[in-house]
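**Q** The sequence shown runs 22 to 362 under the working numbering. Glycine included, each C-beta is placed from N, C-alpha and C at the ideal position.
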Amino acid sequence: MGLKGVLFMEDLCNLYDIELDALYRLVEKGVKRVLLHAPDGFKPLYKCVAGVFEGRGIELFFSSSPGYGACDVPVEEAEALGVDVLIHLGHLEYFHHGFKPGVSIVYVPVYARPMISEGVLGELTSYLRSQGVIGVSISSTIVEEKIRRIIAEHLSSNGFRIHEVHNPLLGCLYTHVASLDNKVDAHLVIAGGIFHPLGLALVSRKPVVVLDPYRGRVWSASEEAQKTLRKRLLKIYEARISGVRVGLIIGSRLGQYRSWLIEKLEREALEKGYRVYKVSSTYLNIERLIAIDNALNLDIYVVTSCPRLPIDDLDDFYKPVLTPGEFLMLLTGLEKYVYPW
């Protein structure tokens, strides 16, 4: 690696605070084989943590598998490699629905270092005031936690009534924020991109405002959520008239296997006269769905592994692909949108 590459890596590592104490404790315990795993966007951070293990007689493996959340950790790779511990960068520990992983997993949070300009803070303050917002919740993913604290303090000092949400947002969990609907005028999400704001906007009755700290942008997620909601309601209608053969897609990753949900959906579907076909999947995408549809030619598919797959990745599939909540709406006749399950 040339000098330019070294400087780039040092700059990258300096953009984040990584909780390395847990890794040093592993070294002290005498681990011999370690597998590092991170979402693709954080894989460059492998270089930032590898030094903890180098020169200590520890065999280190780097996972190339993607990671779409704390639920999506390659336990099977760790077991095949026979490592002592699997280290996942970027998320807090995830609940495994009563299942015990076959390998020790250490979750190492990664925090973006706060770099928010006065201009962006001023833009946010002006926007909220222009919308008549006084009471506002502030939430974020774990990565933006330190940024969230600064923004909460700024808004509080400028006369806003703040409800800071300390538990991080997940792509499948927004109830801890939406439960504040009756206490706030709007929700503020600190995050990059549309993924997390859209999920909250689908389930909240209040406007969702976004501060993207990476692009220095303040915007509203509510309009995008309304467009998405109209498309999802159309999918439910299409599923209602498509037929009674349903493919229940089951996630095989430990954090994505929800036996209670599978049993509930199968039971209620059978009671309503549907024929249920259970399909296992590690990574579900359009190609995998086409392959299983070519084999079974079913009428509807319901994804129980991750509720964002039907919304974000499989929305253009030529047959209805529903979230568990949407399928329950279909089965029970509920008109209020249910997300995720």
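Give me, in chain order, the residues of the same chain whose beta-carbon lies closer than 6 Å to that of L81; leave out the 5 immediate sequence neighbours on both sides.
**A** Position 60 of the sequence shown, counted from the start, is the residue given in the question as residue 81. Within the same chain, L81 has close Cβ partners V55 and F74.
**Q** So the alpha helix (DSSP H) G346 belongs to, where does it begin and stop?
**A** Residue mapping note: residue 346 aligns to position 325 of the sequence shown, counting from 1. It spans P345 to T353 - the alpha helix (DSSP H) in which G346 sits, taken as one unbroken run.
**Q** What number of angstroms, rounded off, separates the C-alpha of I183 from the C-alpha of S158?
**A** Position 162 of the sequence shown holds residue 183. Position 137 of the sequence shown holds residue 158. Taking the straight line joining both Cα atoms gives about 6 Å.
**Q** Could you please give the first and the last residue of the uninterrupted beta strand (DSSP E) stretch that includes G268?
**A** Stepping through the sequence shown from its first residue, residue 268 is reached at position 247. Run containing G268: R266 to G272, per the beta strand (DSSP E) assignment.
**Q** When you compare only the Cα positions, how much space is there between R274 and Q152?
**A** As a first step, residue 274 must be located in the sequence shown, where it is residue number 253. As a first step, residue 152 must be located in the sequence shown, where it is residue number 131. The straight-line gap from Cα to Cα measures roughly 43 Å.
**Q** Give the range of the beta strand (DSSP E) segment to which L132 is assigned.
**A** One-based indexing of the sequence shown puts residue 132 at position 111. Just to set this straight, residue 132 is Tyr in the shown sequence, not Leu. Unbroken beta strand (DSSP E) run through Y132: V131 to A133.
**Q** Assess contact between the region 128-142 and the region 222-236, defined as three or more Cβ pairs (one per stretch) separated by less than 8 Å. Is contact present?
**A** Contact holds: three or more Cβ-Cβ distances are below 8 Å.
**Q** Could you tell me which residues DSSP pairs with G281 in its beta bridges?
**A** The residue given as residue 281 occupies position 260 in the sequence shown. Correcting the residue identity first, residue 281 is Trp in this sequence and not Gly. In the DSSP output, where bridge partners are listed per residue, W281 has none listed.
**Q** Rounded to whole angstroms, what is the Cα-Cα separation between H109 and S326?
**A** The residue you call residue 109 lines up with position 88 of the sequence shown. The residue you call residue 326 lines up with position 305 of the sequence shown. Roughly 19 Å between the two C-alpha positions.
**Q** Round the Cβ separation of A246 and L219 to the nearest angstrom and send it over; I've been treating them as touching at under 8 Å.
**A** Working through the sequence shown from its first residue, we reach residue 246 at position 225. Working through the sequence shown from its first residue, we reach residue 219 at position 198. About 6 Å; that satisfies the 8 Å criterion.
**Q** Run through DSSP, which three-state label would L41 get?
**A** As a first step, residue 41 must be located in the sequence shown, where it is residue number 20. Looking at L41 - three-state DSSP - the assignment turns out to be coil, as it is neither helix nor strand.
**Q** Going by beta-carbon coordinates alone, are L194 and S161 separated by less than 8 Å?
**A** Stepping through the sequence shown from its first residue, residue 194 is reached at position 173. Stepping through the sequence shown from its first residue, residue 161 is reached at position 140. Cβ distance not < 8 Å, so L194 and S161 don't count as in contact.
**Q** Got a sec, what are the start and stop residues for the beta strand (DSSP E) S151 sits in?
**A** As a working note, residue 151 is residue 130 in the sequence shown. It is not in any beta strand (DSSP E) - S151 instead sits in the alpha helix (DSSP H) that spans E139 to S151.
**Q** Going by alpha carbons, who is nearest to Y132 out of Y339, L36, R253 and R266?
**A** In the sequence shown, the residue the question calls residue 132 occupies position 111. Cα-wise, what sits closest to Y132 is L36.
**Q** Looking at I321: is its Cβ nearer than 8 Å to the Cβ of A260?
**A** If you number the sequence shown from 1, residue 321 lands on position 300. If you number the sequence shown from 1, residue 260 lands on position 239. Taking 8 Å as the Cβ cut-off, I321 and A260 qualify as a contacting pair.
**Q** Can you tell me the Cα-Cα spacing of T353 and P328, whole angstroms?
**A** Within the sequence shown, the letter at position 332 stands for residue 353. Within the sequence shown, the letter at position 307 stands for residue 328. Straight-line Cα distance between these residues: approximately 19 Å.
**Q** Tell me whether T344 is buried or exposed, calling it buried when 16 or more other Cβ atoms sit within 10 Å of its Cβ.
**A** By one-based count along the sequence shown, residue 344 stands at place 323. Under this definition T344 is a buried residue.
**Q** Would you give the residue range spanned by the alpha helix (DSSP H) that E80 belongs to?
**A** By 1-based counting over the sequence shown, the position of residue 80 is 59. It is not in any alpha helix (DSSP H) - E80 instead sits in the beta strand (DSSP E) that spans E80 to F83.
**Q** What residue from G76, V224 and Y89 has the CA that sits closest to F63's CA?
**A** If you number the sequence shown from 1, residue 63 lands on position 42. When each option's Cα is compared against that of F63, the closest is Y89.
**Q** Counting only the same chain and skipping the five closest in sequence on each side, list residues whose C-beta sits under 8 Å from that of I257.
**A** What you label residue 257 is simply residue 236 of the sequence shown in a count that begins at 1. Counting only Cβ-Cβ distances below 8 Å, and skipping sequence neighbours, we find P341, L343, E347, M350 and L351.
**Q** Would you kindly work out how many angstroms separate the C-alpha atoms of L47 and I39, rounded to a whole number?
**A** Translated into the one-based positions of the sequence shown, residue 47 becomes position 26. Translated into the one-based positions of the sequence shown, residue 39 becomes position 18. Their backbone Cα atoms lie some 15 Å apart in a straight line.
**Q** Give the straight-line distance between the Cα atoms of D42 and I163, rounded to the nearest whole angstrom.
**A** Residue numbering aside, residue 42 sits at position 21 when the sequence shown is read from its first letter. Residue numbering aside, residue 163 sits at position 142 when the sequence shown is read from its first letter. Cα-Cα distance, rounded: 17 Å.
**Q** Pick from Y278, V52, R150 and V127: whose alpha carbon is nearest that of H58?
**A** Stepping through the sequence shown from its first residue, residue 58 is reached at position 37. Nearest option by C-alpha distance: V127.
**Q** Look at Y295 and V324 and say whether their C-beta atoms are less than 8 Å apart.
**A** As a position in the sequence shown, residue 295 is number 274, starting the count at 1. As a position in the sequence shown, residue 324 is number 303, starting the count at 1. Not a contact, by the Cβ cut-off of 8 Å.
**Q** Where does Y258 fall in DSSP's three states?
**A** Translated into positions along the sequence shown, residue 258 becomes position 237. In this structure, Y258 counts as helix in the three-state DSSP scheme.
**Q** Does the distance from the C-beta atom of Y298 to that of L317 stay below 8 Å?
**A** Translated into positions along the sequence shown, residue 298 becomes position 277. Translated into positions along the sequence shown, residue 317 becomes position 296. For Y298 and L317, yes; Cβs fall inside 8 Å.
**Q** With a 10 Å radius around its C-beta and 16 neighbouring C-beta atoms as the bar for buried, classify E165 as buried or exposed.
**A** One-based indexing of the sequence shown puts residue 165 at position 144. Under this definition E165 is a buried residue.
**Q** Measure the alpha-carbon distance for P87 versus G180 and round it to whole angstroms.
**A** Position 66 of the sequence shown, counted from the first residue, corresponds to residue 87. Position 159 of the sequence shown, counted from the first residue, corresponds to residue 180. Roughly 42 Å separates the two Cα atoms.
**Q** Starting from K299, trace the beta strand (DSSP E) in both directions and tell me its first and last residue.
**A** As a working mapping, residue 299 is identified with position 278 in the sequence shown. Note, K299: beta strand (DSSP E), R296 to S302.
**Q** Output the boundary residues of the alpha helix (DSSP H) element that contains D233.
**A** By one-based count along the sequence shown, residue 233 stands at place 212. No alpha helix (DSSP H) contains D233, which is instead part of the beta strand (DSSP E) from V229 to D233.
**Q** Can you tell me the Cα-Cα spacing of L310 and I271, whole angstroms?
**A** Taking the sequence shown and counting its residues from 1, one reaches residue 310 at position 289. Taking the sequence shown and counting its residues from 1, one reaches residue 271 at position 250. The straight-line gap from Cα to Cα measures roughly 12 Å.
**Q** Check the DSSP bridge columns for W240 and list the partner residues they point to.
**A** For the purposes of this step, residue 240 is identified with residue 219 of the sequence shown, where counting begins at 1. Paired residue(s): V231.
**Q** Who are the near neighbours of P228 in its chain, counting only those whose CB is closer than 6 Å to its CB and skipping five residues on each side?
**A** By one-based count along the sequence shown, residue 228 stands at place 207. Within the same chain, P228 has close Cβ partners A207 and S243.
**Q** Using three-state DSSP, classify V6 as helix, strand or coil.
**A** The displayed coordinates of the chain run from 22 to 362. Any statement about residue 6 would go beyond what the structure contains.
**Q** Excluding the five sequence neighbours on either side, which residues of its own chain have a C-beta within less than 8 Å of the C-beta of V96, listed in chain order?
**A** Position 75 of the sequence shown, counted from the start, is the residue given in the question as residue 96. Closer than 8 Å at the Cβ level, and outside the excluded window around V96, lie L107, P122, G123, V124, I126, R274 and L275.
**Q** Judging by CA-CA distance, which residue of G76, S84, I79 and R77 is the nearest neighbour of Y67?
**A** Here residue 67 refers to the residue found at position 46 when the sequence shown is read from its first residue. When only C-alpha atoms are compared, the closest one is S84.
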